[in-house]
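Counting in numbering that gives the first Met the number 0, the sequence shown runs from 0 upward without gaps.
Note that the Cβ used here is the ideal one computed from N, Cα and C, for glycine as well.
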Amino acid sequence: MAKFIDAVGKACPQPVIMAKRAYDEGNTELVLAVDNAAAVENLKRLGENLGAEVAVTQNGNIYQVRIDSTKEIMHTKDTDVVHPKEMATKMRSDDYAVFIGKDFVGDGDRNLGKKLMTMLIYSLANSDNMPAHILFMNGGVMIPTCDDAQLIENLEKLSRCGCEILVCGTCLDFYGLTDQLRIGRISNMYEILSRMQESGKVITV
0 MAKFIDAVGK ACPQPVIMAK RAYDEGNTEL VLAVDNAAAV ENLKRLGENL
50 GAEVAVTQNG NIYQVRIDST KEIMHTKDTD VVHPKEMATK MRSDDYAVFI
100 GKDFVGDGDR NLGKKLMTML IYSLANSDNM PAHILFMNGG VMIPTCDDAQ
150 LIENLEKLSR CGCEILVCGT CLDFYGLTDQ LRIGRISNMY EILSRMQESG
200 KVITV
């Protein structure tokens with residue numbers, strides 16, 4: 000029987016954390032009730048990462064997200080199962096993440112700091128050792144939503160080369176920038192923290 004989780008009214012990333020905790024406790028089939036589309040998308044990504052089947056139904060303002068990993072588990076041999084800690088160890092090598100929490104570099108002149116940020120993104124895009132992830136949070140979300148064509152072009156280059164660009168959805172909402180996102184994927188605190196934990200090192204700007 001599926002475990003039901005009432006996450007209505009819960010802010011990001013609580014629904015994802017509640018689902019992951021229930022899954023880790025051995026519940027292979029979950030049904031979560033949420034009341035916003037962002038939570039639905041985050042839960043869908045969680046299900047995909049778990050290799051589970053995901054189905055979404057909507058009744059008025061309430062969504063039900065079913066995450067069913069039983070079929071995946073039934074068809075997987077024990078010898079093929081990779082423990083999450085082993086997976087994390089495999090991901091930690093030379094990979095690194097860049098965490099950007101503001102749209103400028105340093106604590107001096109703000110205009111200079113913004114120019115330095117543009118130079119930083121350019122340097123990353125032309126580096127022989129590109130980051131595996133760039134994580135934008137708080138004021139940093141103003142970068143992937145800006146009108147600076149050169150800056151966006153360099154972020155697009157990073158993305159084409161395999162760099163994952165995650166942008167905090169709560170931060171976009173706070174600044175009213177959700178509809179202006181030009182590059183990257185809307186994410187949540189849980190996923191962004193996971194990327195930092197999985198990386199060999201994290202560079203904070």
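- For Val-30, the enclosing beta strand (DSSP E) begins and ends at 28-33.
- The Cβ-Cβ distance between Ile-191 and Met-118 does not fall below 8 Å.
- 8 Å or more divides the Cβ of Ala-131 from the Cβ of Arg-65.
- Secondary-structure assignment with DSSP links Thr-203 through a beta bridge to Phe-98.
- Lys-9 carries a coil assignment under DSSP once its states are collapsed to helix, strand and coil.
- Using a Cβ-Cβ distance cut-off of 8 Å, the stretch 187-203 and the stretch 160-168 are in contact, since at least three pairs of beta carbons, one from each stretch, lie closer than that value.
- Residue range 168-174 is occupied by the alpha helix (DSSP H) that includes Asp-172.
- Per DSSP, Ile-61 is not a residue of any alpha helix (DSSP H); the beta strand (DSSP E) it occupies stretches across 61-67.
- It is roughly 21 Å from the alpha-carbon of Arg-184 to the alpha-carbon of Glu-52.
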